[in-house]
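Chains as they are written, first to last, in this note's numbering: chain F, 4 to 225; chain L, 130 to 437.
All C-beta atoms, glycine included, are put in the ideal place defined by N, C-alpha and C.
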Amino acid sequence: MEVSEAKPPMTARTTNALLLCLYAFLLGFSLMSFEMLGSRYLYPYFGGGLNTWAVLISVVLIALMVGYFVGGMIADAHPDQRVLGAIIATSGLYMLAIPLISDKVILFALDVAGDGPVGAFLATVLLLAFPLTALSVFSPFSVRLLITAHTDAGRISGLVYAVSTAGNILGVLVTSFWLIPTMGSRAITYGMGAVTLATALAIMAVRLREAAPRPVPVTSRA
Amino acid sequence: MQHLSRRQFAKAAFWLPTLALAGPAWAQTGDDPVEFVESQYNNIYIYKRGTQVSMTFGHNKRLYTESVMDTTDTKALPVEYTKFMTAAVAYTKKQDSILQIGLGGGRTSWYLHVHLPDAAIDVAEIDPVVIDLAKKYFAVKEEKNFAPVAMDGRLFLLRNPAKRYDLICIDAYRGPFVPFHLLTKEFYVKVAEHLTEGGIVAQNVEPSTMVFNAAVATMKSVFRQVDFFPAAGNVVLVAYNDAERLSDAELLKRAEALQAKYAFRYPLTDLVKGRREPSNPVKGQILTDDFAPVETLHAIERKNEKWK
């Protein structure tokens, strides 16, 4: 007996989904890595208390809020992976500049807004709001690029957010328990900036495959 | 609740006499603090046992004694290391200005204020609730030449670039930990910038983990000399910038002169004799703002150091 069942080639939908999940993971990792790194930049100036963390977490959430909202709008207006890649690239470039500007930015915030929560908030916004907002554009954008029919919208958005959150979790744990005790904060910042920039270049360079629109099942009743 | 102390002597000094004095009465009164405050930075418990009052910070179900005072004798320093913090005065050439970073119950700084009323003492304490409780329970008052400010110690230095001190005492703990930004080279550089010519730094360090070695190495990266005063579980480090280690004879000579002038309750002449050298050189990692894995270093037990 002879079995000749050729494995069907991976569909365009699956390769696209795998690629975007890889990006989602890396960018999710980078995002939370920056939240943890943010504390190392802020502590020397604003102290290591609950208030510093409250400011840091709220700024990250504000970045996510704006990034999700604006990202969704840009994705609908320009559903083009090069646009997405370019936005992520600006985030990566900004991250790479953080070690160079952090002291000046924080001293500026101290002069303008004092050493209380307002000063800490201003410093965090200046350091992190832009790159993290640009990063969080990725999730809604990638959902828009992957969806070919409204019937898979639930699964696809769920997949992208789950994978991105898995990256977030590892970003927190690996940064706190391995990277910060092993290398300097600046080295980690450069590393995460490089990962983000490399991901952005991949998003721009590796073309997603044309996926045939999935036929919408039609239910007909007699 | 478990009562363990990073300042073991504090524990011994506080609990042992209490058990001896109060005995069964203590068992009846139970373990309740006279006041508990959850501040933005700490869970603070005030306990009274007999004539003693203590301030402890709760951390991971353990209580870390920050300060102990005898209410019948507010100038006494029941905790051993606080006496040795004052030994640093013997090194100073002038006693006009002092900065204390980390107030706690204010034992060291208030003792210095009482004996050196003409010295302008600034205190940077991050937690305003600690300052309030120090005033309420520990006989600390805001007065001329004694000014506690609710501010992070490093920020205080940053915000007061023109201030200079003859002595800077550093004793800032949150439960078992010194916040990492108060242990880095950049921090000590800032501290050094705020010293007068010949200024002295005294720092309380808990020596059971590798953070001790790192603290010594980091201080040595900024100051030419670091002397050790082991104090029943803690070590007081005294840092200064002389080219040579101050000789025992010269240190005693200075202590004698200052003791004659100020009549300290705990004679400087006795305290300076507590200076020791570790029998093995202390080797550690220099901590910087960029790289300060204090959490990891805290997890590594340090072998018991013998002192010559």
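Item                                                                                                                         : Value
Span of the beta strand (DSSP E) around L:L325                                                                               : In the sequence under discussion, the amino acid at residue 325 of chain L is Thr, which differs from the Leu named in the question. Note, L:T325: beta strand (DSSP E), 324-334.
8 Å Cβ cutoff, L:A151 in contact with chain F                                                                                : Unreliable placement is indicated for L:A151, whose pLDDT of 30 sits below 50; the coordinate value is still reported in the next sentence. Answer no: the Cβ-Cβ gap between L:A151 and chain F never drops below 8 Å.
Interface partners of L:E424 on chain F, CB under 8 Å                                                                        : P184
Any C-beta of chain L under 8 Å from that of F:L99                                                                           : no
With 16 other Cβ atoms within 10 Å as the buried cut-off, status of L:M184                                                   : buried
Contact list for the stretch 385-407 of chain L against chain F, Cβ threshold 9 Å                                            : none
C-beta neighbour in chain F for L:D418, strict 8 Å                                                                           : yes
Beta-carbon proximity check, F:G74 vs F:P143, cutoff 8 Å                                                                     : yes
Chain-ordered chain F contacts of L:P308 [CB-CB under 8 Å]                                                                   : Y46, G50, G51
Three-state class that DSSP yields for F:I65 in the structure shown                                                          : helix
F:N19, DSSP secondary structure in three states                                                                              : helix
DSSP state of F:G70 mapped onto helix, strand, coil                                                                          : helix
CB contact check: L:L284 to chain F, cutoff 8 Å                                                                              : yes
Closer than 7 Å at the beta carbon, the chain L residues around F:G187                                                       : D419, F420
Below-8 Å beta-carbon distance, F:D118 vs any chain L residue                                                                : yes
Nearest neighbour of F:A57, chosen from L:I227, L:K349, L:Y170, L:T417 [CA to CA]                                            : L:Y170
Neighbourhood of L:L150 by C-beta distance below 7 Å, restricted to the same chain and skipping five residues each side      : Per-residue confidence for L:L150 stands at a pLDDT of 32, beneath the threshold of 50, marking its modelled position as unreliable; the derived number appears in the next sentence. G179.
Boundaries (first-last residue) of the beta strand (DSSP E) holding L:M198                                                   : 191-199
Residue from L:T215, L:G187, L:E209, L:V182 with nearest C-alpha to L:T200                                                   : L:V182
Pair within 8 Å by beta-carbon distance, L:F393 and L:T215                                                                   : yes
L:P257, enclosing beta strand (DSSP E) - first and last residue                                                              : Premise fails: L:P257 lies in the alpha helix (DSSP H), 257-266, not in any beta strand (DSSP E).
Test: F:N171 CB closer than 8 Å to a CB of chain L                                                                           : no
Stretch-stretch touch, CB-based, cutoff 8 Å, three pairs: the stretch 297-304 of chain L with the stretch 226-236 of chain L : yes
Inter-residue CB distance, F:E38 and F:V63 (contact presumed, cutoff 8 Å)                                                    : 5 Å
Buried or exposed (CB count within 10 angstroms, at least 16 for buried), L:P305                                             : buried
Cβ-based burial, L:S376 [other Cβ within 10 Å; buried from 16]                                                               : exposed
Every unbroken beta strand (DSSP E) inside the stretch 67-144 of chain F [3 residues or more]                                : none
Residues of its chain near L:P396, where Cβ-Cβ distance is below 7 Å and the 5 sequence neighbours each way are ignored      : Q388
DSSP three-state assignment for L:A360, whether helix, strand or coil                                                        : strand
Sequence-distant residues of the same chain with beta carbon closer than 8 Å to F:T168, five excluded per side               : G31
Classification of F:D114 by the beta-carbon crowding that lies within 10 angstroms, buried from 16 upward                    : exposed
Chain F contacts from the stretch 252-263 of chain L (Cβ-Cβ distance under 7 Å)                                              : I255
Interface residues of chain F facing L:Y170 [CB-CB closer than 8 Å]                                                          : G52, L53
Per-residue DSSP class, three states only, for L:A253                                                                        : strand
Reference L:P410; option with closest CA among L:V320, L:R404, L:W436, L:V278                                                : L:W436
Sub-8 Å separation of L:M256 and L:S350 beta-carbons                                                                         : Going by the sequence as given, residue 256 of chain L is Asp instead of Met. Not a contact, by the Cβ cut-off of 8 Å.
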